[in-house]
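Beneath this line is the structure, given in structure tokens, with notes to follow.
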Amino acid sequence: MIATLGGFTLFLALGVTVYAGAASVVGARQGREDWLASSRNAVLAHFCLVTLAIFLLEYALITSDFSLRYVANNSTRGSLTRYKIAGLWGSLEGSILLWEWLQSLFAALVVARYSDRGPSGSRPLTPYVTTVLQGISVFFLSLMAFGVNPFARIFPVPPDGRGLNPLLEVTDMLIHPLLLYLGYVGFSVPYAFAMAALITGRPTEEWLRITRRWTVVAWLLLTGGIFYGGWWSYRTLGWGGYWAWDPVENASFMPWLTGTAFIHSVMIQERKRMLKVWNLVLIILTFSLVIFGTFLTRSGILGSVHAFADGPVGAMFLAFLSLVLLFSFALVAYRSDHLKGRGELDSLVSRESTFLLNNLVLVGICFTVFLGTVFPLLSEALRGNKISVGAPYFNKVSVPLGMALLLLMGVGPLIAWGRASLNNLRRNFLKPALAAVALTAALYLLGMGRAEVLAVFLFSFFVIGTIVFEFVVATRTRARTTGEGMGAAFATLLLRSRRRYGGLIVHLGVVIAVIGIAVSSVYKVEREQTLKPGESMSVGRYGIRFDELAAGERPTHVLVWATLTAFKDGTPLRELTPGQRFYPNQQSPFASVDARYHLTEDLYVILSAFERDGSAATIKVIINPMISWIWIGGVVILLGVLVAVLPERRLALLTVRAKAQAA
Amino acid sequence: MKGRGVKYLVAGVIVVAALVGLIYSGVRDSMVYFYTPSELKKKESEVRGKGLRIGGMVVDGSVRWDPQTLLLTFQLTDGQGTVLVRHKGTAPDLFKEGAGAVVEGTWMSDGYFRASTIMAKHSEEYKPPTHSETLESKKELFKSILKKEGGR
Chain A
7 MIATLGGFTL
17 FLALGVTVYA
27 GAASVVGARQ
37 GREDWLASSR
47 NAVLAHFCLV
57 TLAIFLLEYA
67 LITSDFSLRY
77 VANNSTRGSL
87 TRYKIAGLWG
97 SLEGSILLWE
107 WLQSLFAALV
117 VARYSDRGPS
127 GSRPLTPYVT
137 TVLQGISVFF
147 LSLMAFGVNP
157 FARIFPVPPD
167 GRGLNPLLEV
177 TDMLIHPLLL
187 YLGYVGFSVP
197 YAFAMAALIT
207 GRPTEEWLRI
217 TRRWTVVAWL
227 LLTGGIFYGG
237 WWSYRTLGWG
247 GYWAWDPVEN
257 ASFMPWLTGT
267 AFIHSVMIQE
277 RKRMLKVWNL
287 VLIILTFSLV
297 IFGTFLTRSG
307 ILGSVHAFAD
317 GPVGAMFLAF
327 LSLVLLFSFA
337 LVAYRSDHLK
347 GRGELDSLVS
357 RESTFLLNNL
367 VLVGICFTVF
377 LGTVFPLLSE
387 ALRGNKISVG
397 APYFNKVSVP
407 LGMALLLLMG
417 VGPLIAWGRA
427 SLNNLRRNFL
437 KPALAAVALT
447 AALYLLGMGR
457 AEVLAVFLFS
467 FFVIGTIVFE
477 FVVATRTRAR
487 TTGEGMGAAF
497 ATLLLRSRRR
507 YGGLIVHLGV
517 VIAVIGIAVS
527 SVYKVEREQT
537 LKPGESMSVG
547 RYGIRFDELA
557 AGERPTHVLV
567 WATLTAFKDG
577 TPLRELTPGQ
587 RFYPNQQSPF
597 ASVDARYHLT
607 EDLYVILSAF
617 ERDGSAATIK
627 VIINPMISWI
637 WIGGVVILLG
647 VLVAVLPERR
657 LALLTVRAKA
667 QAA
Chain B
65 MKGRGVKYLV
75 AGVIVVAALV
85 GLIYSGVRDS
95 MVYFYTPSEL
105 KKKESEVRGK
115 GLRIGGMVVD
125 GSVRWDPQTL
135 LLTFQLTDGQ
145 GTVLVRHKGT
155 APDLFKEGAG
165 AVVEGTWMSD
175 GYFRASTIMA
185 KHSEEYKPPT
195 HSETLESKKE
205 LFKSILKKEG
215 GR
């Protein structure tokens with residue numbers, strides 16, 4: 007029943023979507039308002055149909071209807087309802103349906119927001135934006151209708167489903183994938199506007215302005231998804247790390263890099279009318295890399311812990327990717343005379359040049375990550391032997407580039423437009439640079455000896471210095487000219503130039519995260535030892551005593567855990583209980599990590615092996631200094647973006663209220 | 065404006081050259097060759113000292129684990145050749161006899177492969193277990209340390 011209804015709904019949605027895209031073009035070409043209105047209704051109908059499909063699949067998942075193959079593979083009777091729901095994005099077919107649902111939702115939002123009212127200039131673009139977005143949906147719907155049907159049946163109907171991988175039955179599964187998908191799909195909106203601008207031949211500053219907020223929010227969601235994924239991996243996967251340069255991680259990192267470059271380079275175009283083609287290339291690349299990443303991870307062409315099984319999907323994604331690239335670059339070529347930049351670079355020492363360099367570095371990192379990810383494929387195709395480059399390659403190449411980026415993050419926001427005079431440089435950068443040198447020297451004297459970490463601190467202090475300096479000077483100037491108090495002056499400043507100061511706060515968050523990454527990776531200490539009950543091992547300033555091994559029944563698994571007592575400098579700190587989870591029908595156990603999370607360093611313990619009679623346990627201890635700074639940096643980035651994108655009216659309302667309360 | 069064009073060209077070339085150099089040295093220093101156990105046996109003389117990845121199945125009954133020295137040894141096979149692997153430390157969660165594994169490390173002159181990392185392969189095809197397991201049968205494994213109530 008659900009299978010038939012679901013399949014039918016998808017086919018119907020495919021028809022409606024094709025119509026919506028076509029009617030939109032006809033309406034716009036011939037100026038027929040009735041066609042446009044009909045197309046808008048079709049977009050909404052498309053959204054309703056896919057929503058219905060989602061409901062049907064969720065209903066089947068929640069009620070454990072194992073006559074659907076997808077439900078049988080991704081759900082089990084014993085699971086909590088929320089993990090039954092999460093089964094929707096537990097594997098390929100459901101993920102595609104979720105993706106398509108978000109795609110249809112965003113298309114509906116665009117229609118609702120921009121077709122009647124909306125900012126100036128959005129009205130003539132919207133029909134073509136609709137066509138592009140519906141075109142993307144046609145791909146995803148066809149994928150489900152002709153390739154990977156989430157409503158396929160299974161016979162005989164199994165008595166119970168296989169369930170999600172136990173690793174995925176955690177709350178994080180409800181957040182991380184959704185953030186990433188929202189970010190991925192979010193970038194399709196600025197892409198669609200860019201294409202619409204090319205099709206209509208309207209000025210290329212318009213689409214940038216209209217989609218600015220979309221882009222920043224999509225970037226935030228993608229950033230959030232990546233950070234959240236690292237945090238999840240660190241807390242639960244039991245290897246003590248958060249990033250492994252796994253192909254799937256790289257697949258999310260590449261569009262993030264080009265997206266970040268895009269957010270920066272649009273500022274140059276807005277201000278100087280330069281880099282028109284470059285910005286188009288960046289948004290095309292970002293969207294293509296999203297599709298490419300999905301191709302990499304869903305085609306099974308590269309082995310990865312995240313990858314689902316292979317099938318015809320890979321070929322379909324590759325075909326779609328080629329189509330997107332051909333279509334996009336053909337449009338750019340077609341409008342090339344339209345895209346001549348007006349401005350020119352005046353000097354190498356200027357904000358434009360700095361931003362351009364920032365873009366080159368970001369795209370450079372993206373290229374190196376791309377190369378490293380596809381290297382096994384390349385070497386096999388070109389030389390016939392399988393050669394891969396692992397984490398050492400990525401670290402070696404991205405660390406110097408990342409350092410360059412860090413330095414540019416300090417220079418870019420403050421250096422003058424056009425041509426920076428020596429005076430401008432001295433005024434903006436002398437104090438932060440001196441402060442950074444002094445603080446780094448202090449760290450060195452305090453015993454921090456590793457050159458690479460000192461360099462990171464030097465650049466980080468410089469960036470923080472420039473940001474603090476900028477805030478202080480601007481606040482003081484405002485307080486002096488308006489007579490406001492420093493607090494009020496700071497608040498109005500944040501409100502008046504939210505984009506600028508929000509951006510600076512984002513930079514601050516990045517610096518905090520970078521410090522965490524550098525310190526935790528260089529000063530990480532790891533030790534593994536087998537202990538009998540009562541024995542201890544020591545790692546750095548910590549001692550770990552193994553007290554007892556025990557097992558207990560949990561609702562879904564049997565947990566074996568070791569009770570450890572942690573000591574710091576000889577004084578007892580707390581009890582730690584790392585364990586292993588044994589699930590029925592899963593041959594290998596899953597780690598259950600325990601840790602003492604702390605601002606200065608995390609004490610992270612893993613039970614890696616044990617004797618079943620409790621006579622011995624092998625314990626791995628990892629000390630990760632300052633790793634929590636990465637997550638704190640992520641939160642600061644979130645705050646910065648919120649400052650930058652929250653609607654003006656709402657913020658103004660808040661301040662009025664705050665002022666009223668203060669008065 | 066000719067002079068200025070040259071200046072930007074030079075700057076661009078420097079940036080791109082730096083990037084290429086970085087990639088080249090990165091690739092050169094971290095290239096890892098992938099072989100199956102039988103390929104390794106054939107190329108024994110030329111692979112010494114190189115970074116290698118060997119992929120195969122863990123031979124049933126070959127896994128030895130010494131908790132005191134933390135030495136893990138096992139054999140990896142592709143059906144034609146077998147390689148003895150030694151690894152200091154425990155294996156990852158999904159590692160088990162009869163399943164696929166990829167090890168990274170170097171081929172030692174005294175006839176074994178010293179692995180620095182073990183990557184277990186998650187079998188992508190789901191095979192239903194021969195007999196259905198329950199929580200009870202898992203509990204049976206840990207009879208001697210089982211607690212009735214609570215704990216953690």
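As given, the protein sequences belong to chains A and B, one line each in that order. Using the numbering used here, the first residue of the first sequence is number 7, and each one after it goes up by one. Using the numbering used here, the first residue of the second sequence is number 65, and each one after it goes up by one. Think of the CB as a built atom: it goes at the ideal place given N, C-alpha and C, for glycine as much as any other residue. What you are looking at is a predicted structure, and each value in this text was computed from that prediction instead of being measured.
Any non-hydrogen atom of the ligand MN closer than 8 Å to residue i Cβ
i: Met322/A; result: Ligands displayed in this structure: none; no statement on the ligand MN is therefore possible.
Buried/exposed call for residue i, threshold 16 Cβ in 10 Å
i: Glu99/A; result: buried
i: Glu106/A; result: buried
i: Arg277/A; result: exposed
i: Gly162/B; result: exposed
i: Met679/A; result: Only positions 7 to 669 of chain A appear in the structure, and residue 679/A is not among them; the question remains open.
i: Glu607/A; result: buried
i: Lys66/B; result: Caution is warranted here: a pLDDT of 49 is assigned to Lys66/B, below 50, making its placement in the model unreliable, and the coordinate value is therefore given only provisionally. Exposed: under 16 other Cβ atoms inside 10 Å.
i: Asp575/A; result: exposed
i: Ile182/B; result: buried
i: His513/A; result: buried
i: Ile216/A; result: buried
i: Val84/B; result: exposed
i: Gln592/A; result: buried
i: Asn80/A; result: buried
i: Ala650/A; result: buried
i: Ser201/B; result: exposed
i: Ala448/A; result: exposed
Given residue i as reference, the closest of the options once Cα atoms are compared
i: Ile181/A; options: Asp40/A, Gly299/A and Trp95/A; result: Trp95/A
i: Ser30/A; options: Val191/A, Ala568/A and Ala43/A; result: Ala43/A
i: Lys346/A; options: Asn285/A, Pro382/A, Gly416/A and Ala28/A; result: Asn285/A
i: Leu86/B; options: Val338/A, Pro398/A, Tyr589/A and Val611/A; result: Pro398/A
i: Leu20/A; options: Asn429/A, Val375/A and Ala151/A; result: Ala151/A
i: Lys437/A; options: Val355/A, Leu609/A and Gly471/A; result: Gly471/A
i: Gly522/A; options: Val469/A, Ile636/A and Phe361/A; result: Ile636/A
i: Lys148/B; options: Phe138/B, Thr154/B and Glu168/B; result: Per the sequence shown, the amino acid found at residue 148/B is Leu instead of Lys. Selected option, being the one with the closest Cα: Phe138/B.
i: Phe161/A; options: Leu214/A, Leu243/A, Ala9/A and Thr87/A; result: Ala9/A
i: Lys71/B; options: Leu295/A, Leu351/A and Val319/A; result: Leu351/A
i: Trp567/A; options: Thr577/A, Phe552/A and Leu579/A; result: Phe552/A
i: Ala113/A; options: Ser45/A, Arg83/A and Ala158/A; result: Ser45/A
i: Val166/B; options: Val79/B, Ala184/B and Leu158/B; result: Ala184/B
Within chain A, partners of residue i - CB distance below 8 Å
i: Trp129/B; result: Ala615
i: Phe98/B; result: Pro382, Asn391, Lys392, Ile393 and Ser394
i: Thr198/B; result: Pro590
i: Asp220/B; result: The displayed coordinates of chain B run from 65 to 216. Any statement about residue 220/B would go beyond what the structure contains.
i: Tyr72/B; result: Leu351 and Leu354
Supposed close pair residue i, residue j - CB separation, criterion 8 Å
i: Phe326/A; j: Ile289/A; result: Contact doesn't hold; Cβ gap of about 17 Å is too wide.
i: Leu263/A; j: Ile371/A; result: 6 Å
i: Met632/A; j: Val462/A; result: Actually they do not touch by this definition, with Cβ atoms about 11 Å apart.
i: Val3/A; j: Thr374/A; result: What is shown of chain A runs 7 to 669, which leaves residue 3/A out entirely.
i: Val469/A; j: Val528/A; result: Not a contact, Cβ separation roughly 19 Å.
i: Leu111/A; j: Phe53/A; result: 6 Å
Neighbouring residues, chain A, relative to residue i (Cβ below 7 Å)
i: Phe206/B; result: Ala557, Val564, Val566 and Arg618
i: Ser94/B; result: Val395, Gly396, Pro398, Tyr399 and Lys402
i: Ile87/B; result: Thr374, Leu377 and Val403
i: Leu83/B; result: Gly370
i: Gln144/B; result: Result: empty, since nearest Cβ-Cβ is about 17 Å, beyond 7 Å.
i: Lys202/B; result: Val564, Phe588 and Pro590
Residue-level contact to chain C via CB, residue i, 9 Å cutoff
i: Lys105/B; result: Chain labels in this structure do not include chain C; the protein chains are A and B.
Residues that residue i contacts on chain A, provided the C-beta gap is smaller than 9 Å
i: Ala75/B; result: Leu354, Ser359 and Leu363
i: Val79/B; result: Leu363, Leu366, Val367 and Gly370
Proximal chain B residues relative to residue i, where beta-carbon distance stays under 9 Å
i: Pro406/A; result: Ala82 and Leu86
Scan the region 139-168 of chain A and note each continuous alpha helix (DSSP H) run of 4 residues or more that stays entirely inside, going in chain order.
none
Report the residue ranges of all alpha helix (DSSP H) runs contained in full by the region 71-117 of chain A; include only those spanning at least 4 residues, in chain order.
75-80 and 87-92
As an exercise, report each continuous alpha helix (DSSP H) stretch of at least 4 residues that is fully enclosed by the region 572-602 of chain A, in chain order.
none
In chain order, each beta strand (DSSP E) run of at least 3 residues that lies wholly inside the region 379-457 of chain A
393-395
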